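Written out below as structure tokens is the structure these notes cover.
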């Protein structure tokens, strides 16, 4: 069940990334990914547009990102491994965010 749910979440996120990149006129390979806490998400969201965020459990983020990379046709060189962040409670949702560093708000 969890595997199916992760697959569905990855498809939704990849679809959103593809559509947003197309809408704003850049390649889907231009996304920068990061794992952040809610406070960091808010800072990035204020600095970059477009900005796509997805809440995920910490133990599922690596699998989810791997599936998203596959759906987008990205290799590991295009999306570097994300640094793991320790959380006090593994049930606390974190954010997998994507933004384009070239599309900073002014």
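In our numbering, the protein residues as written are 3 to 108. Note that beta-carbon positions come from the ideal geometry of N, C-alpha and C, so glycine has one too. Predicted, not measured: the structure shown is a model, and the values here were computed from it.
Item	Value
Please classify residue 51 as buried or exposed, where buried requires at least 16 other C-beta atoms within 10 Å of its C-beta.	exposed
Would you list the one or two residues that DSSP bridges to residue 50?	106
Provide the residue(s) that pair with residue 56 in DSSP beta bridges, ordered along the chain.	98
Out of 13, 46, 39 and 6, which has the shortest C-alpha to C-alpha gap to residue 75?	13
Can you name the residues that DSSP bridges to residue 36?	99
Using a Cβ-Cβ cutoff of less than 7 Å, which residues in the same chain neighbour residue 9 once the five nearest sequence positions on both sides are dropped?	69
Please report how far the alpha carbon of residue 29 lies from the alpha carbon of residue 55, in whole angstroms.	18 Å
Buried or exposed: residue 98, going by 16 or more other Cβ atoms within 10 Å of its Cβ?	buried
Return the Cβ separation of residue 33 and residue 23 in integer angstroms, given the expectation that the two are a contact with Cβ distance under 8 Å.	7 Å
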